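Undergrad: Numbering (full-length UniProt numbering), first residue to last: 1 to 145. No residue lacks a Cβ here, since even glycine has one placed at the ideal position from N, Cα and C. None of the values given here were measured: they were computed from a predicted structure.
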């Protein structure tokens, strides 16, 4: 038996296989570049949102601290401390015997009121009529078997 000796051929004599075309490599590189840009933009927006949230939280903490300090200052200030300041500003304490006359625009109207004390207006009557004519939609529960 004769064995056939198989010799390797040089690469330039080998038949050409399936090699990807350069334009496909270019398209693939462009797609990868676009995806990387998208990921970068998303991470940047996330970073900015986190910074904004931290700034908002810091602002809320500062406002709460300011309110707390103002309330503490108001609790600490006594009438004796405020009397000289009021005198400098030209304010005087309220006299119990002082009578104040208010203009009629500041007084309440003599309109009819509902049972709970609210005034009955034309808009309220229209709302009641519309509810009587068109019932509101209500959610119904489904019976699950």
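1) Can you list the beta strand (DSSP E) stretches of 3 or more residues lying completely in the segment 18–66, in chain order?
2) What's the C-alpha gap between residue 24 and residue 18?
3) What would DSSP say about residue 79, mapped onto helix, strand or coil?
4) Between the alpha carbons of residue 71 and residue 48, how many angstroms are there, rounded?
5) Can you give me the C-alpha to C-alpha distance between residue 67 and residue 53, rounded to a whole angstrom?
6) Once DSSP output is grouped into helix, strand and coil, what is the label at residue 121?
7) To the nearest angstrom, how far is the alpha carbon of residue 90 from that of residue 81?
8) In whole angstroms, what is the alpha-carbon distance linking residue 73 and residue 61?
9) Just verifying my parser: in three-state terms, what is the DSSP assignment at residue 103?
TA: Per the coordinate set shown:
1) The beta strand (DSSP E) runs lying completely inside the segment 18–66 and spanning 3 residues or more number zero.
2) Residue 24 and residue 18: Cα-Cα distance of roughly 13 Å.
3) Judged by DSSP in its simplified three-state form, residue 79 adopts helix.
4) The straight-line gap from Cα to Cα measures roughly 34 Å.
5) Rounded to the nearest angstrom, the two C-alpha atoms are 21 Å apart.
6) Here residue 121 sits in coil by DSSP.
7) Roughly 15 Å separates the two Cα atoms.
8) C-alpha separation (whole angstroms): 18 Å.
9) Looking at residue 103 - three-state DSSP - the assignment turns out to be coil, as it is neither helix nor strand.
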